[in-house]
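Protein chains in written order, with our numbering: chain A, 4 to 187; chain B, 40 to 110.
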């Protein structure tokens, strides 16, 4: 099926990717946050059911059932849209660590995107923060990358296995530093 | 009778407007997922959203048609 090939043939290619650049890490926020959000929105789908349980007799007696069903279907469309809006924002909010740089793609809403980039060679220090019961149990947290410029830092928010992320970035930064040293 | 027809026409307009508004939003969402998504996950989400939207729109349209036929 040639039409659907785009589903299986997509790799971690992104806008502005250099030809020889390799993607080492592709990170989203931990699933815990988005799962909570989706469950909360999905629970809204039972509101019409509750309304029917309370006012069902009045609805049936006044022959309003088809109108009620239409309203329910429209409400489900709204819930469906809100769930996928949340999933879209979650999916489009990501961090890419390549063997040359770190890219932070932040999706703030429709048609509102911020992309920042950091060279691995400018990394000075990395701080990992796991704060709270759930983040500690599920192992997700913040990775703060400090650059040579004192006021400039880069934060990976609620990423899974932050310690491993830090190790990978440190290793890549060391490699980059050695490569830069050899060039000089 | 004239009033009945009038209300029915308003109902048609409202329903058409709701469906159009939904599919405009759906198009924007699908555009973001396909255009800006990296990897396979956004494309899979887009397909599931599209399929669900089609099904729900069809169900809503059927309920609306039932009401229209009743009147």
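Each residue gets a CB set at the ideal place from its N, CA and C atoms; glycine is no exception.
Among the residues of chain A, none has a CB under 7 Å from the CB of residue 47(B); the nearest is roughly 13 Å distant. For residue 61(B), the nearest beta carbon of chain A is closer than 8 Å to its own beta carbon. Nearest Cα to residue 116(A) within the set 136(A), 37(A), 97(A) and 146(A): 97(A). Under the three-state reduction of DSSP, residue 23(A) is assigned to coil, being neither helix nor strand. Only buried fits residue 71(B), as 16 or more other CB atoms lie within 10 angstroms of its CB.
Chain-order list of chain B residues neighbouring residue 73(A): 99, 102, 103 and 106, by C-beta distance under 7 Å.
In this structure the region 33-40 of chain A does not lie against the region 73-80 of chain A, because fewer than three pairs of beta carbons, one per stretch, are closer than 8 Å. For residue 112(A), no alpha helix (DSSP H) run applies; the uninterrupted beta strand (DSSP E) run containing it begins and ends at 104-112, by DSSP. In this structure, the CA atom of residue 149(A) is about 19 Å from the CA atom of residue 27(A). For chain B, the residues of the region 72-97 of chain A that bring a beta carbon within less than 7 Å of one of its beta carbons are 72, 73, 76, 77, 79, 80, 83, 84, 87, 88, 90, 91, 94, 95 and 97, in chain order.
Contact note: residue 95(B) reaches chain A through 76, 79, 80 and 83, using a C-beta cutoff of 7 Å and chain order.
Against chain A, a Cβ distance below 8 Å from residue 65(B) picks out 84. Under a 10 Å Cβ-count criterion, residue 109(B) is classified as exposed, with fewer than 16 other Cβ atoms of the shown protein chains found around its own Cβ.
Three or more beta-carbon pairs separated by less than 8 Å are not found between the region 136-145 of chain A and the region 98-115 of chain A, which leaves the two stretches without contact.
Against chain A, a Cβ distance below 9 Å from residue 84(B) picks out 87, 90, 91 and 94. In this structure, the CA atom of residue 167(A) is about 11 Å from the CA atom of residue 174(A).
Residue 45(B) sits in a helix when the DSSP states are folded into three classes. Residue pairing by DSSP places residue 77(B) in no beta bridge whatsoever. The DSSP-derived three-state label of residue 143(A) is strand. In the three-state reduction of the DSSP assignment, residue 155(A) falls in the coil class.
In this structure, residue 67(A) keeps its C-beta atom at 8 Å or more from the C-beta atom of residue 103(B). In this structure, residue 98(B) lies away from residue 85(B), with their beta-carbon atoms at least 8 Å apart.
Counting other Cβ atoms within 10 Å of its Cβ, residue 33(A) reaches 16 or more and is therefore classed as buried. Its chain contains 103 as the residues whose beta carbon lies nearer than 6 Å to that of residue 54(B), once the 5 sequence neighbours on both sides are disregarded; these appear in chain order.
In this structure, the CA atom of residue 95(A) is about 11 Å from the CA atom of residue 78(B).
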